[in-house]
Amino acid sequence: MKKVFREVLGKLQQEEMTYVAQMDYYFKILCVKAEPEALLSSKIADEDGEMQDLEKLAYTLKPDDYTFEIIPMDEKLLKNVVIGIQKEHPEFKMEIVTADENMRLDPEDENEKHVRFIMPEVNKDRYDVLKDGVKAYYESCKERMDATFAKCSAELTARSQGMDEKDIEEAKAELEKTNKQAKEMREKIHDDKQKEIEEAYQKYLTEQNDKAAAEKEKADAEGADVVSRRSDEDEFNFEDMV
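Here the sequence shown stands for residues 13 to 254, where the numbers follow our numbering.
Set out below in structure tokens:
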């Protein structure tokens with residue numbers, strides 16, 4: 013393949029994969045599960061007031077798919093850690109917890125504290141926010157990829173004037189192949205995120221239905237108990253009267 017074709021193809025590949033990677037990152041910070049990428053933008057004030065990356069001041073553990081345990085290297089910075097993360101993700105549920113023996117930096121300190129962040133449930137409001145966010149990032153990625161493909165196709169045409177027609181057609185085919193691969197990756201990431209959101213929302217609805225059914229069953233049982241007691245009292249009163 014001629015140098016001019018390699019240059020245009022390389023430009024297309026680099027730009028489109030950058031857009032796909034950016035979309036993937038944005039999807040991860042729209043948290044359904046606890047994604048470590050969501051913490052990358054959090055800046056924490058150190059003891060001198062200088063802003064640092066979280067990883068420089070705290071350890072991050074992920075005991076399950078929906079929870080972060082953030083353990084400050086210096087417990088005096090616990091408040092700063094909370095402020096820094098909540099500034100980026102106010103939707104996270106936060107708890108200050110006493111560390112168990114497996115999470116203590118000082119094995120002898122039974123009162124050592126760290127912060128726990130739990131991902132919010134995907135109720136209707138959260139569902140709408142996530143869906144709108146995914147749609148916006150996806151459409152932005154798609155528009156930029158389409159524009160880049162059009163730009164690179166035009167550049168290829170302009171720079172291949174007078175070249176062998178067979179070489180030009182081969183270069184165009186490679187350009188289309190590269191564009192197709194990037195689009196397939198984009199669609200898979202998008203579909204996976206949509207599926208994750210839908211499953212989380214259905215999980216929330218199921219839990220709410222189960223909770224409502226349990227409350228109804230409890231209320232029915234309590235109502236039946238009241239009726240039973242009244243029936244017993246009425247029978248007792250009748251016998252007294254006789």
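Think of the CB as a built atom: it goes at the ideal place given N, C-alpha and C, for glycine as much as any other residue.
Using a C-beta cut-off of 8 Å, the segment 94-114 makes contact with the segment 43-57, since at least three inter-stretch Cβ pairs fall below that distance. Between L24 and T190, the C-beta spacing is below 8 Å. Short of 6 Å from the beta carbon of E27, and not among the five residues preceding or following it, lie these beta carbons of its own chain, in chain order: T160. Beta-bridge analysis with DSSP links F80 to F129. Per DSSP, the continuous beta strand (DSSP E) segment holding Q64 begins and ends at 63-65.
L73 carries a strand assignment under DSSP once its states are collapsed to helix, strand and coil.
For A111, the secondary structure class from DSSP, reduced to helix, strand or coil, is coil. Cβ-Cβ distances below 8 Å link V146 to F39, L42, H202, K205, Q206, I209 in the same chain, with the five nearest sequence neighbours on each side left out; the list follows chain order. With contacts defined as CB atoms closer than 8 Å, V93 and V141 fail to qualify as a contacting pair.
For A57, the enclosing beta strand (DSSP E) starts and ends at 55-57. Looking at A111, E107, Q214, E67, the one whose alpha-carbon comes closest to that of N135 is Q214. For the pair of segments examined, the segment 81-89 was found to touch the segment 103-120: the number of CB pairs separated by less than 8 Å reaches three. E155 has its alpha-carbon roughly 13 Å from the corresponding atom of Q34.
Within the same chain, K14 come within 7 Å of D179 by CB-CB distance, once the 5 residues on both sides are set aside.
With 16 or more other CB atoms across the displayed protein chains lying within 10 angstroms of its CB, M157 is buried.
Boundaries of the alpha helix (DSSP H) around G22: 15-41.
For the 8 Å CB-CB criterion, E81 and L73 form a contact.
Per DSSP, reduced to three states, the secondary structure at K45 is coil, with no helix or strand assignment.
If the five residues before and after Y37 are omitted, its C-beta is found closer than 7 Å to the C-beta atoms of E49, all from its own chain and listed in chain order.
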